[in-house]
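Participant: In my numbering, the protein residues as written are 1 to 449. Just so it is clear, CB atoms sit at the ideal spot from N, CA and C, and this is done for glycine as well. Because the structure is a prediction, the values reported are computed rather than measured. Could you have a look at this structure, given as structure tokens, before my questions?
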């Protein structure tokens, strides 16, 4: 009986043969499909099914490979997976062991990112020669971001802690989704029309490649490049990198880091000023000491020491007084500058801005009332003229001037042409004070004046 079968496989043997063939022929494959039947037991591994309209494939994503993924599996999502085909011998089922997964379309976005990056680099948009330096101490800055995001809260909190009362203009825009890039471009172009802006900050919190895609648009890159105001990009987290980061004058890894780049701490500036004053005083004292030592040396070599010494003492006192006056004048100048800076900070406080805004609203309201009163008077005059014209056309006014209205009886049809009536017909003639019923005796077709 065995001679009739050239080779007989056991179930395990056949399964091993199939496993060997599949794993040899499909060492690494890319598969796209929809995730279904997703589960994650206590082991941390993901088990799910990839399916399309006609077929389905079991898939496994082990916990060790998940740390390299930016997108976790979710049921119903279209994904592209990379992995190898394996056979689970216990059930005789083949499955895909996944080592990389991304939402469908991410690959196309990455390719578009690289293509735009190469093209803009060839045009020189990333060259350091075009980068503008940041001002040492900006007086006014603008932030282009979402007003409801965490990025603006972190930015303002750190900025207020480092340098309170700095004037900040917030320009609200969409930072992701349809129309976000157009709003960002419009905001950058608008802010560049302001003559008193020192720095622009383009900020957004972290997100996926799709979430940050507005900052990879060519229009946004070119708007940053043509900005006359220095631009700081603070988009996403430190690992996120966009086209806007490459074009911007300075790239901050996070919005919080951007606030630290914009201004130094106020305390640090005061300490720096104090250190400079101390250094100046120390150098001045060293200079005076050196001059005194030089004076002593020369006094020992003079032919007439007492006369020469008296002369040198006078000159030394004069120089000493000059140096003291110069040092005191410079110190007063530094103090005056610091007082001016404090006064400017008080002038730029939100409270003064609110008072100015209220005055502007009151002026606009008064102007609106004057315009309404002028227009109302004009409308009243027009109404009076219209009433006078209507009164002139009133039939009763015409009758008062001696005219009459003739109507037929019994139809009450107004007679406008003598050809419409006949001799013997009855008419009713209306005058200013009553009416008369008459009979036509004669018809005159010619107008008698």
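Would a C-beta distance cut-off of 7 Å place residue 81 and residue 109 closer than the cut-off?
Facilitator: Position 81 of the chain shown, counted from the first residue, corresponds to residue 81. Position 109 of the chain shown, counted from the first residue, corresponds to residue 109. 7 Å or more divides the Cβ of residue 81 from the Cβ of residue 109.
Participant: May I ask you to report which of helix, strand or coil DSSP gives residue 25?
Facilitator: Taking the first residue of the chain shown as position 1, residue 25 is located at position 25. Correct three-state label for residue 25: helix.
Participant: What are the uninterrupted segments assigned as alpha helix (DSSP H) that are 4 or more residues long and contained completely in the stretch 169–230, given in chain order?
Facilitator: 180–191, 218–225
Participant: Runs of 3 residues minimum, wholly inside the stretch 60–123: which ones carry the beta strand (DSSP E) assignment?
Facilitator: 78–88, 93–103
Participant: Run through the stretch 225–304 for me and flag every whole alpha helix (DSSP H) of 4 or more residues, listed as ranges in chain order.
Facilitator: 243–247, 255–262, 266–299
Participant: Sorted by chain position, which residues of the same chain lie with C-beta nearer than 6 Å to residue 149's C-beta, five sequence neighbours on each side aside?
Facilitator: On the chain shown, position 149 is the one that residue 149 refers to. Hits under 6 Å: 205.
Participant: Over the uninterrupted beta strand (DSSP E) stretch that includes residue 437, give me the two end residues.
Facilitator: Residue 437 sits at position 437 when you count from the first residue of the chain shown. Taken as a continuous stretch (DSSP letters only), the beta strand (DSSP E) holding residue 437 covers 434–439.
Participant: Return the bridge partner residues of residue 406 from the DSSP annotation.
Facilitator: The sequence position of residue 406 within the chain shown is 406, counting from 1. According to DSSP, residue 406 bridges with 429.
Participant: Identify whether residue 31 lies in helix, strand or coil by the three-state DSSP scheme.
Facilitator: Taking the first residue of the chain shown as position 1, residue 31 is located at position 31. Strand.
Participant: Taking residue 58 as the reference, give the member of 44, 83, 67, 66 with the closest Cα.
Facilitator: Position 58 of the chain shown holds residue 58. Closest by alpha carbon: 83.
Participant: Please state whether the Cβ-Cβ distance between residue 203 and residue 145 is less than 7 Å.
Facilitator: By one-based count along the chain shown, residue 203 stands at place 203. By one-based count along the chain shown, residue 145 stands at place 145. Going by C-beta atoms, residue 203 is nearer than 7 Å to residue 145.
Participant: Taking the straight line between their C-alpha atoms, what separation do you get for residue 60 and residue 41?
Facilitator: Here residue 60 is taken as the residue at index 60 of the chain shown, counted from 1. Here residue 41 is taken as the residue at index 41 of the chain shown, counted from 1. Cα to Cα, the separation comes out at about 12 Å.
Participant: Under DSSP, the alpha helix (DSSP H) around residue 48 begins and ends at which residues?
Facilitator: Position 48 of the chain shown, counting from 1, holds the residue named residue 48. Element bounds for residue 48: not the alpha helix (DSSP H) but the beta strand (DSSP E), 46–51.
Participant: What is the DSSP secondary structure of residue 139, counted as helix, strand or coil?
Facilitator: The count along the chain shown starts at 1 and reaches residue 139 at position 139. In this structure, residue 139 counts as coil in the three-state DSSP scheme.
Participant: If we ignore side chains and look at the alpha-carbon of each, how far apart do residue 346 and residue 135 end up?
Facilitator: On the chain shown, residue 346 is found 346 positions in, with the first residue counted as 1. On the chain shown, residue 135 is found 135 positions in, with the first residue counted as 1. If you take the alpha carbons of residue 346 and residue 135, they lie about 20 Å apart.
Participant: To the nearest angstrom, how far is the alpha carbon of residue 442 from that of residue 388?
Facilitator: Here residue 442 refers to the residue found at position 442 when the chain shown is read from its first residue. Here residue 388 refers to the residue found at position 388 when the chain shown is read from its first residue. When the Cα atoms are used, residue 442 and residue 388 turn out to be separated by approximately 39 Å.
Participant: For residue 56, which three-state DSSP category applies?
Facilitator: By 1-based counting over the chain shown, the position of residue 56 is 56. In this structure, residue 56 counts as strand in the three-state DSSP scheme.
Participant: Near residue 249, which residues of its chain fall below 6 Å by C-beta distance, leaving aside the five closest residues on each side in sequence?
Facilitator: Here residue 249 refers to the residue found at position 249 of the chain shown. Contacts found: 131, 132, 230, 231.
Participant: Applying the criterion that 16 or more other CB atoms from any shown protein chain within 10 Å of the CB defines a buried residue, is residue 236 buried or exposed?
Facilitator: Locating residue 236 in the chain shown gives position 236, counting from the first residue. When all chains shown are included, residue 236 counts as buried.
Participant: Does DSSP put residue 386 in a helix, a strand or coil?
Facilitator: As a working mapping, residue 386 is identified with position 386 in the chain shown. Correct three-state label for residue 386: helix.
Participant: Which whole-angstrom value is the C-beta distance of residue 225 and residue 125, which I expect to be below 8 Å?
Facilitator: Translated into the one-based positions of the chain shown, residue 225 becomes position 225. Translated into the one-based positions of the chain shown, residue 125 becomes position 125. Yes, they are in contact, since the Cβ atoms of residue 225 and residue 125 sit about 5 Å apart, within 8 Å.
Participant: I'd like to confirm the pairing. Which residues does DSSP put opposite residue 36 in its beta bridges?
Facilitator: The residue you call residue 36 lines up with position 36 of the chain shown. Note: residue 36 sits in a beta bridge opposite 49.
Participant: Around the Cβ of residue 33, are there at least 16 other Cβ atoms within 10 angstroms (buried) or fewer (exposed)?
Facilitator: Here the question's residue 33 lines up with position 33 in the chain shown. Buried, by the Cβ-count rule.
Participant: Would you call residue 46 buried or exposed, if buried means 16 or more other Cβ atoms sit within 10 Å of its Cβ?
Facilitator: To locate residue 46, count along the chain shown from 1; it is residue 46. Under this definition residue 46 is a buried residue.
Participant: What residues in its chain sit with their C-beta under 6 Å from that of residue 169, if we drop five residues either side in the sequence?
Facilitator: Here residue 169 refers to the residue found at position 169 of the chain shown. Here the set comprises 142.
Participant: Could you please give me the residues that DSSP links to residue 145 through a beta bridge?
Facilitator: As a working mapping, residue 145 is identified with position 145 in the chain shown. In the DSSP output, where bridge partners are listed per residue, residue 145 has 172.
Participant: Tell me, to the nearest whole angstrom, how far the beta carbon of residue 426 is from that of residue 437; I am working on the premise that it is less than 8 Å.
Facilitator: To locate residue 426, count along the chain shown from 1; it is residue 426. To locate residue 437, count along the chain shown from 1; it is residue 437. With a Cβ gap of about 6 Å, residue 426 and residue 437 count as contacting.
Participant: Cutting at 7 Å between CB atoms, please list the residues of its own chain near residue 99, excluding the five before and the five after it.
Facilitator: The sequence position of residue 99 within the chain shown is 99, counting from 1. If we look at residue 99 and ignore the five residues flanking it on each side, its Cβ neighbours are 65, 82, 83.
Participant: Check this for me: beta carbons of residue 393 and residue 432, under 7 Å apart or not?
Facilitator: Here residue 393 refers to the residue found at position 393 of the chain shown. Here residue 432 refers to the residue found at position 432 of the chain shown. The answer is no: Cβ separation not under 7 Å.
Participant: Which residues does DSSP list as the beta-bridge partners of residue 414?
Facilitator: Along the chain shown, read from residue 1 onward, the residue named residue 414 stands at position 414. Residue 414 pairs with 407.
Participant: What are the boundary residues of the alpha helix (DSSP H) that residue 153 is part of?
Facilitator: Against the chain shown, residue 153 aligns to sequence position 153. Unbroken alpha helix (DSSP H) run through residue 153: 150–162.
Participant: State yes or no: is the C-beta of residue 197 within less than 7 Å of the C-beta of residue 140?
Facilitator: Along the chain shown, one-based indexing puts residue 197 at 197. Along the chain shown, one-based indexing puts residue 140 at 140. For residue 197 and residue 140, yes; Cβs fall inside 7 Å.
Participant: Quick one, which of 86, 365, 428, 118 has its alpha-carbon nearest residue 242's?
Facilitator: Translated into the one-based positions of the chain shown, residue 242 becomes position 242. Ranking the options by Cα distance to residue 242, first place goes to 118.
Participant: Could you check where the alpha helix (DSSP H) with residue 398 kicks off and where it finishes?
Facilitator: To locate residue 398, count along the chain shown from 1; it is residue 398. Looking at the DSSP string, the run of the alpha helix (DSSP H) that includes residue 398 is 395–400.
Participant: If we ignore side chains and look at the alpha-carbon of each, how far apart do residue 1 and residue 21 end up?
Facilitator: The residue you call residue 1 lines up with position 1 of the chain shown. The residue you call residue 21 lines up with position 21 of the chain shown. Annotation note: pLDDT 47 at residue 1 (below 50); position unreliable, coordinate value reported separately. If I take the Cα positions, the gap works out to 30 Å.
Participant: Report yes or no: do three or more beta-carbon pairs, one from the stretch 167–184 and one from the stretch 206–222, lie closer than 8 Å?
Facilitator: yes
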